[in-house]
Amino acid sequence: MVAAHTSHSSSSSEWIACLDKRPLERSGEDVDIIFTRLKEVKAFEKFHPNLLQQICLCGYYENLEKGITLFRQGDIGTNWYAVLTGSLDVKVSDTSNHQDAVTICTLGIGTAFGESILDNTPRHATIVTRENSELLRIEQKDFKALWEKYRQYMSGLLAPPYGVMETGSNNDRMPDKDNMSSSSLCSISKNCNKTPFIDHHIPVRPATANVEVPSERILQAGKVLRNAILSRAPHMIRDRKYHLKTYRQCCVGTELVDWIMQQSSCVHLRTQAVGMWQVLLEEGVLNHVDQEQNFQDKYLFYRFLDDEHEDAPMPTEEEKKECDEELQDTMLLLSQIGPDAHMRMILRKPPGQRTADDLEIIYEELLHIKALSHLSTTVKRELAGVLVFESHPKAGTVLFNQGEEGTSWYIILKGSVNVVIYGKGVVCTLHEGDDFGKLALVNDAPRAASIVLREDNCHFLRVDKEDFNRILRDVEANTVRLKEHDQDVLVLEKIPAGNRAPNQGNSQPPQHKYIVMSGTPEKILEHFLETMRLESALSEGTDAGVLDFVMMHCIFMPNNQLCPALMAHYHAQPSQGTEQEKMDYALNNKRRVIRLVLQWAALYGDVLQEDEAAMAFLEEFYVCVSDDTRMITALKEQLPELEKTMKQISEEAKAPQKKHKVLLQHFNTSDERTQKRQPIRGSDELLFKVYCIDQTYTTIRIPVLSSVKEVISAVADKLGSGDGLILVKMSSGGEKVVLKPNDVSVFTTLSVNGRLFACPRDQFDSLVPLQEQEGPSTGTVGMFELMSSKDLAYQMTIYEWELFNCVHELELVYHTFGRHNFKKTTANLDLFLRRFNELQFWVVTEICLCSQLSKRVQLLKKFIKIAAHCKEYKNLNSFFALIMGLSNVAVSRLTMTWEKLPSKFKKIYAEFESLMDPSRNHRAYRLTVAKLQPPVIPFMPLLIKDMTFIHEGNKTFIDNLVNFEKMRMISKTVRTVKFCRSQPFNPDASLVNKNHQDVRSYVRQLSVIDNQRTLSQMSHRLEPRRA
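Following the numbering used here, the numbering of the sequence shown begins with 206 at its first residue and continues without gaps.
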């Protein structure tokens, strides 16, 4: 179950409670819950299900703070570990006191280490947590038992000497430096075009001959496509002449792209089609007649492998029928792996031959690589032009040796490598997304370890030292630093302007502009005011930097600092120049401040009503501008817009529904039949039930933004006494979290069936969930099956659009940086995220409450159809929630139910699952969204993940200056929300006039079970585990 909330909910942390139990106490449901979590972890993705089930039975959970030493080099190991979240540094030392320890690499999410416990050899390195990290731990006796029982599965998954480095039966340990002989080795050298050469460092078995043989599935895909073309467009494959030479049985690149786009609804872009054909070209199923390695959307000739023979057979009628049945599955497969092939194709091009589109595609890929997250946008864009794609077919290949000069930095795109140190053997294994060799770019130290490919067919991105250093030099050369008292106060970077002036006659030099990289808050504000363009209308757009400042200033310059600064700038007078120059400067200065204030007020809107200082500033500012227009007529053109803004905000503040709005427990929407849903504000009052230890409750009336301390005080007033009370968040599964006194707006952070309890601290352990938190005991299939799937999807989309529309863009910023830091509510965002979880549980609840097999099959079909309609309405949030509900372990394990599902629905579900594929940072989803026009309801948990990725990967302040590059990246992500809502949601004309009150009420008041354990138990009762 994917929980949308960042706070620990029942669905997201119950697996921890299961792992905390002693192995003998874990039930089948506990194992299912742990299994659901672990199968998402990279370290376990290749583990056989039976082996993973056993790991669920014997593993333990560890949560370590930053800077904790897990074990030291030389210790005798007692545990094996896998990284679930966070990262750890691997340090090695040549001395016993470890003072000279060098960090040779970092272990990221999905890496595993500690196999040396199999033979009690000392630890080869010291492991220290780099950040707060969650680990799975398996004790030595249990790990040895797993090894004995599942050796055939584990040998290909563990680091040598226990695992294998290529197909074969050699389990010899990596030799020590002193015992090395001159065996042949497939090693890598930048100076020999990556061909094998003899190396005398680390001997491994000679690599077997590498013969490129197409995989079975790609061979079949090529056969299906060839037969489909011969069946539907036979003229495409024919003999062709070019420059008096005849090429037998060829297709043209542009025609192949045209044809594949006509055949499938999942192919929208020509570049997407190019990637699909590139898959076939890479594996030799399709070949260029002159052996070009890249497929091109041009008048170039390509030939299918089957047509290489003189008398290639035509497909039989039976084969034509089979290919018609398999064509869409083939298209789906190629559309999933095509983007990676297209990326490899671009990266294989020499840097000088990469087009602007190529560079943009590479740059988009780099945005989601954690190893690069700390680099500026400019550096990432420059890297897109110099990154080299490197691939090696055989395990055992040495990428570089310990002691060699470092010349490159590597990022793993696919596969894994072992980090080997002389005398210590394999100290750790690195996986996809990890990087190594970074120190080579910043110093001249020799390599601290050798890197050996752990599996076949590994892919890397390589950055060479000279390129990286040149980029840094270029960036520094284009950097302008403004200093005061010998301290940097503003750092600007010169970059090419987005819109270059058109050439007229003689070629003009390229246009450039300066962007803010960092600075003090005051200097950043001053810079944007000084460089603001006044000639364009406000509606025609604004410099993106100004928009970023307006969006993000709350992080580094809150309103109580911004408002006085704006007023000071408005009244500023120049001290030098002629009288006319002083008047011109003062006028333009005032106009710029007015313009910035208008943009600031437009973004904040009625949220300003909750900020007394901001409202007071606006009123004072309006009076100042009004007074000045009497003397300065040029300001009169901006006054009407300022008047309009003031009037709009003040009228909204006085509106009856805004004042003293009272919300009910759980923010019910049943009374919203006629009036439009209004956003929740921090000052809105809430009638909320807070429960006591005896499960009675008291209802308090309190503002949404109230702190936990204020909630406890309100409860104490109602109860008559409140000494030592604590406020506890209780999930339906019994998970309890004591809330901190300064936490604010906690009401909307509860899980779907969560409740708030108040009790004395010494009675905390006695708290148990309410019976009502368990959820329904019977399903609604009787009512649900009578409703049209399209009607349900439509009403769900209307409701989700209302929720989405209420989310203020600033709530995303508060959520990312922590709303307690701003004393602001994120209630609307919380409810939107909670709705995502609710929909997932609704799917699982209805299926698990349905005891009849045939009815469950009908439910699967129904949910798949609803998801299809949600996708059609561009409601991607609900679409993902429904599909994730169907993939929940309590549903996915119902083998008998899925077996009865018609193949047509299985194919649709498989296509939908492919959109959920998280690989390459949800590339499949991002490609789909990029083609959509607003209105769109986006997959909000992923947007939150993107912002968190940027926030955690970049410091907010660098050398006491605001890291404005970080602000720019987060602001750009937030603007996605603005784009998605830039067009109104237009009701479906075919449904708008129908009376759907029953459907409307149903989708807004779903009753669900949100306890994963209960759902797993119900699932096991429906279909017990097969022996």
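For each residue, glycine too, the CB sits at the ideal point set by N, CA and C.
Treat the numbers as computed from the prediction; the structure is a model and nothing was measured.
At the level of alpha carbons, what is the spacing between residue i and residue j?
i     : j     : result
Q175  : V798  : The shown model of the chain, from 206 to 1232, leaves out residue 175, and the question about it has no answer.
E569  : C471  : 21 Å
A645  : T602  : 20 Å
N1026 : V913  : 15 Å
L474  : R559  : 19 Å
W220  : Y775  : 57 Å
F500  : L539  : 14 Å
M1145 : V1012 : 11 Å
T1178 : E1228 : 44 Å
S1056 : K1067 : 16 Å
V895  : Y902  : 5 Å
D463  : Q278  : 60 Å
E877  : L868  : Caution is warranted here: a pLDDT of 44 is assigned to E877, below 50, making its placement in the model unreliable, and no coordinate value can be reported.
G272  : V828  : 55 Å
I931  : V973  : 15 Å
P1192 : L961  : 38 Å
T612  : R1024 : 44 Å
A222  : V1204 : 38 Å
I1003 : R1209 : 10 Å
G984  : E523  : 46 Å
Y790  : I314  : 55 Å
C897  : A350  : 48 Å
K995  : L975  : 36 Å
P946  : F1022 : 19 Å
Under a three-way DSSP split, which group does residue i fall into?
i     : result
M722  : strand
I1240 : Residue 1240 lies beyond the residue range present for the chain, which begins at 206 and ends at 1232; the question has no answer from this structure.
R738  : coil
M441  : helix
N1191 : coil
H514  : coil
R1218 : helix
G638  : coil
S578  : coil
S594  : It should be pointed out that residue 594 corresponds to Phe in this sequence rather than to Ser. Note: F594 maps to strand in three-state DSSP.
C471  : coil
E609  : coil
F893  : strand
N1082 : helix
C455  : strand
G151  : Any question about residue 151 goes unanswered here, given that the chain covers just 206 to 1232.
H493  : strand
Q1233 : Any answer about residue 1233 is impossible in this case: the structure gives the chain only from 206 up to 1232.
Which same chain residues, not among the five before or five after residue i, have their C-beta less than 7 Å away from its C-beta?
i     : result
F1162 : N1168
T1181 : P1143 and L1148
A998  : I1071, H1074, C1075 and Y1078
V920  : V895, T903, I905, G927, L930 and A963
Go ahead and label residue i buried or exposed: buried means 16 or more other beta carbons lie within 10 angstroms of its beta carbon, across all protein chains shown.
i     : result
K1112 : exposed
P1107 : exposed
T290  : exposed
Q781  : exposed
E609  : exposed
M519  : exposed
E1014 : buried
Keeping to the same chain, check which residues put their C-beta closer than 8 Å to that of residue i; ignore five residues upstream and five downstream.
i     : result
W1006 : N1080, P1140, I1142 and F1190
Q477  : S540, G543, P544, H547 and L1132
L1008 : R882, N1033, L1036, F1037 and R1040
Identify, in the order they occur along the chain, each residue of the same chain with its Cβ nearer than 6 Å to the Cβ of residue i, setting aside the five sequence neighbours on each side.
i     : result
G887  : E815, V909, L910 and T1030
A576  : I616 and D640
L1233 : With the chain running from 206 to 1232 in the structure shown, residue 1233 is simply not present.
M1001 : S1083 and V1208
Which full runs of the beta strand (DSSP E) of 3+ residues lie inside the segment 917-958, going along the chain? Under the rule that a run must span 3 or more residues, the beta strand (DSSP E) segments found entirely inside the segment 917-958 read 930-935 and 941-943.
Can you list, in chain order, the stretches of the beta strand (DSSP E) that have 3 or more residues and sit fully within the segment 249-334? Correct list: 265-269, 274-276, 284-290, 293-297, 307-312 and 331-334.
Can you give, in chain order, each stretch of the alpha helix (DSSP H) that sits fully within the segment 986-1032 and has at least 4 residues? Listed in chain order, the complete alpha helix (DSSP H) runs (minimum 4 residues) inside the segment 986-1032 are 986-989, 994-1011 and 1014-1022.
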